Structures are given as C-alpha cells and as structure tokens.
Amino acid sequence: MPSVWDHKLWDTFNPQLYNFTKYNQDFLKQYSDFLERRGKIEEKYAKDLRKLCKEFRTKEYDKKEKIKFSVQTSFDEMLAELVSSANQHDTLRDELLKSSKEVKDALREAQRQSQQTEKKVAGLVKDLERNRNQLENVRSQYQRSFVEMKKAREDYIANKDNKDITKNEEERFQQVFLHKQSMFEERKQSYAKELSDYNTAQSRHYMEHLPEQLATLEEQEKRVAAICKQHFQLWGDSELQALNIRTKCCQTLRQKADNVNAEYDINEFMRVTASGNPVPDDVVFEDLGSNDSISQQQQQQQAAAPGKKNKFGTLNK
C-alpha cells in the first residue's frame with residue numbers, strides 16, 4: 001500500500017509533522033501514567049477492603065467451644081467473598097501495571113525511531129542546502145564572468161578603430177576580450193552542469209529520499225495507533241474479567257445471606273445454654289408451730305439453691 005505521507009509534505013513536514021509525532025508520543029506517556037495511577041487506585045482499594053473485612057470479622061460467642069450462630073457465620077462467609085472480590089482488584093492492578101510498562105517501552109522505541117528519522121531528514125536537507133550553495137557559487141562565477149566579458153568586449157569594440165592607440169594595444173584589447181569570452185564559456189558550461197546536477201539532486205530529494213523518511217514516520221504512527229488500540233482492548237478486557245469474577249463473588253455473597261436461620265440460632269442457643277437441671281419444686285408451706293419446721297426449711301433452701309449464671313443469667317449446662 002503506497003504511503004500517504006509523500007512529497008506533498010515537502011514544505012510543511014517541519015514542524016507540522018514532527019509536532020504531530022510528538023503529540024502522539026506525549027499521549028503514549030499520558031496513557032502509561034494513567035494506567036499506572038489507575039492500578040494504584042485498585043491496589044489501595046483492595047488493601048482497604050481487606051483491612052475492613054479483617055476488622056469486622058465476628059467474634060465467637062463461646063471462644064472455648066468456638067460457637068457461632070448462623071447470622072455471624074453468614075456474615076463471615078460474606079466477608080470472605082468480599083476478600084475474594086478484593087483480590088480481583090489486585091489482579092486488575094497487575095494487568096494495568098503490566099500494560100503501563102509495555103506502553104512505556106513502546107514509547108521509548110517510538111522516540112528512538114523518531115530521532116533517527118529526523119536526524120536522517122536533517123542530513124538530507126543539509127546535503128541539498130550544500131548543493132544549493134555550491135550552485136549559487138558557480139552561478140555567481142558565471143554572472144561575474146559574463147560582466148567581465150561584456151566589459152572586455154565593449155573595450156575592444158571601443159578601441160578597435162581608435163587611431164590614438166597602437167596596433168599592439170588594439171591586439172591587447174582583443175586578447176583580453178577573447179580570454180574573457182573563453183572564461184565566460186567555461187563558466188557557462190560549469191553552471192549548466194552544476195544546475196543539472198542540482199536539479200537532479202533536488203528531484204531525488206523531494207521525490208525519493210524525503211518521501212522514504214516520511215513513510216518511515218508514517219509506519220511509526222501506525223504502530224503507535226496499533227499499540228494504543230491493543231492496550232485499550234487489554235484494559236477493557238481486564239476490567240471486564242475482573243468484573244465478571246467480582247460479579248460471581250457478589251452472587252455467592254448474596255447466597256450466603258440465605259444461610260441465616262433463626263430457628264437454628266434459637267435451638268443452638270438453647271443447646272449451649274440450658275443446664276439440664278430440673279426446675280425447682282414448689283415451696284412447701286412452713287408450719288412454724290411444727291417441731292420439724294426448722295429442718296424442713298433447711299431442706300427447701302438446699303433444693304432451691306441456684307447454680308452459677310452465664311452471660312444471659314441462665315443456668316450452665
């Protein structure tokens with residue numbers, strides 16, 4: 001496929017094309033920095049989320065027997081899913097930072113190639129300017145020889161039939177004219193050759209050498225665009241993959257909520273709390289007039305003596 005950047009840019013590529021190249025390279029740096037900062041946001045969020053889950057893990061009701069009820073168990077399981085979701089933010093961070101590094105590497109390569117190409121173009125322009133200066137020097141010699149020949153011819157014509165000068169002087173004017181005429185012809189031929197060489201060099205510069213370097217810059221810009229497209233897609237894929245896994249974690253988290261069972265908690269509390277001791281018998285009427293009242297009162301007090309209380313004021317099992 002022919003290059004779009006060709007000889008039509010001969011008078012505008014500097015600085016417009018160079019500015020455009022730098023503009024895209026600046027964007028590569030900007031995008032790389034964006035990915036890096038985006039990754040740090042994910043890293044901080046994952047760290048804060050894990051810290052939050054750790055701080056809010058529920059305590060066991062009975063540390064000795066490690067008893068938990070369905071409410072607290074479900075909540076802890078939901079926190080575990082939230083930690084899994086936080087880990088996906090770390091995974092996304094890794095992908096973003098990896099992409100950021102690859103974009104930076106591509107930027108360095110693009111800058112290196114740009115510098116090489118611009119250096120080559122500068123060399124081509126300098127060569128053409130040197131040829132131009134050489135042409136101007138030859139042209140100046142050609143013009144100066146023409147002026148000198150013209151003056152010598154006018155002097156010869158003016159003194160050709162002058163009876164006030166000798167024959168030798170007339171021949172001297174003629175010889176000077178012929179010499180200047182010969183020099184003019186030599187300068188004319190030199191100028192014609194130099195002009196032909198310069199036009200050839202100029203044509204090759206604008207139609208071959210310069211377009212070759214511009215095509216190199218064009219290919220480089222295509223690679224920059226391809227790099228951006230590739231890493232845009234990777235960014236989107238990474239976000240989507242992390243989101244899909246986090247979505248599954250959230251679905252599992254939602255399912256854990258269904259594990260809350262009031263009946264289980266009530267029965268479990270009953271199991272670990274009830275002492276199993278029989279309920280105290282009815283208090284016997286005290287007949288103070290009876291001889292056995294004192295002994296009966298002592299027996300009743302012993303039978304009704306309460307056990308040690310737990311957290312809820314009920315009997316230990």
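Quick note: the UniProt record's numbering has the sequence shown finishing at residue 317, numbered continuously throughout.
From the three backbone atoms N, C-alpha and C, an ideal C-beta is built for every residue, glycine too.
In this text, all values refer to a predicted model and were calculated from it rather than measured experimentally.
Review point. Any idea what DSSP makes of Ile67, helix, strand or coil?
Key: strand
Review point. Is DSSP giving Asp62 helix, strand or coil here?
Key: strand
Review point. Using DSSP with H/G/I as helix, E/B as strand and the rest coil, what is Phe56?
Key: coil
Exercise for review: Using three-state DSSP, classify Ala274 as helix, strand or coil.
Suggested key: coil
Exercise for review: Would you check if the distance between the CB atom of Ser190 and the CB atom of Gln143 is smaller than 9 Å?
Suggested key: no
Check your understanding: How would you call Gly39, buried or exposed, if buried means at least 16 neighbouring beta carbons within 10 angstroms?
Key -> Residue burial is scored here from C-beta neighbours: Gly39 has at least 16 other C-beta atoms within 10 angstroms and is therefore classed as buried.
Review point. Quick one, which of Ser238, Asn14, Glu95 has its alpha-carbon nearest Lys119's?
Key: Selected option, being the one with the closest Cα: Asn14.
Check your understanding: Just curious, the alpha helix (DSSP H) that Tyr206 is in, first and last residue?
Key -> For Tyr206, there is no enclosing alpha helix (DSSP H), as DSSP gives it neither H nor E.
Check your understanding: Do you know offhand how far Ile67's Cα is from Lys54's?
Key -> 19 Å
Check your understanding: Thr314 to Ala262, Cα distance in whole Å?
Key -> Reliability fails at Thr314, whose pLDDT of 41 lies under 50, so the model's placement of it is uncertain and no value is given.
**Study point:** CB-CB length for Val121 against Ala152, believed under 8 Å
**Key:** So it is not a contact: roughly 46 Å between Cβ atoms.
Review point. For Glu129, which option in Arg50, Met183, Ile245, Tyr206 has the closest C-alpha, if you only look at C-alpha atoms?
Key: Tyr206
Review point. Does the beta-carbon of Lys180 have 16 or more other beta-carbons within 10 angstroms, so that it is buried, or is it exposed?
Key: buried
Review point. Do the stretch 238 to 251 and the stretch 81 to 100 make contact, defined as three or more Cβ pairs closer than 8 Å?
Key: yes
Point to revise | Inter-residue Cα distance where the pair is Ala46 and Ser84 | key: 10 Å
Check your understanding: Helix, strand or coil: which one does DSSP assign to Val260?
Key -> coil
Point to revise | 3-residue-minimum beta strand (DSSP E) runs that sit fully inside the stretch 175 to 239, ordered along the chain | key: If one requires a minimum length of 3 residues, no beta strand (DSSP E) run lies completely within the stretch 175 to 239.
Review point. Using CA coordinates, which residue listed in Met183, Asp33, Thr200, Val4 is at the minimum distance from Val103?
Key: If we check each option's Cα against that of Val103, Asp33 comes out closest.
Practice item. List the whole-angstrom C-beta distance separating Arg187 from Ser145, where the pair is believed to meet the contact cut-off of C-beta under 8 Å. Key: Their Cβ separation, rounded to whole angstroms, is 4 Å, which keeps Arg187 and Ser145 in contact under 8 Å.
Practice item. Report yes or no: do the stretch 159 to 166 and the stretch 219 to 231 share at least 3 C-beta pairs separated by less than 8 Å? Key: no
Exercise for review: Look at the alpha carbon of Lys8 and the alpha carbon of Pro211, and state the distance between them as a whole number of angstroms.
Suggested key: Spanning the alpha carbons of Lys8 and Pro211 requires a straight line of approximately 9 Å.
**Study point:** Leu124 classed as buried or exposed, judged by whether at least 16 other C-beta atoms fall within 10 angstroms
**Key:** Buried.
Exercise for review: For Phe312, I'd like the list of residues in its chain whose CB is within less than 8 Å of its CB, leaving aside the five on either flank, ordered along the chain.
Suggested key: Residue placement at Phe312 cannot be trusted, given a pLDDT of 42 that sits under 50; the coordinates are not used to answer.
Exercise for review: Sort Thr73, Glu36, Ala226, Leu288 by Cα distance to Lys101 and report the nearest one.
Suggested key: Glu36
Review point. Given a threshold of 16 other Cβ atoms within 10 Å of its Cβ, counted over all protein chains shown, does Leu217 qualify as buried or as exposed?
Key: buried
Review point. What residue from Asp258, Phe285, Val138 has the CA that sits closest to Met78's CA?
Key: Of the candidates Asp258, Phe285, Val138, the residue whose Cα lies closest to the Cα of Met78 is Asp258.
Exercise for review: Given a cut-off of 9 Å, decide if Arg139 and Glu185 are closer than it, judged by their beta-carbon atoms.
Suggested key: no
Exercise for review: Please classify Tyr31: is it buried, with 16 or more other beta-carbons within 10 angstroms of its beta-carbon, or exposed?
Suggested key: buried
Point to revise | Which of helix, strand or coil DSSP assigns to Ile41 | key: helix
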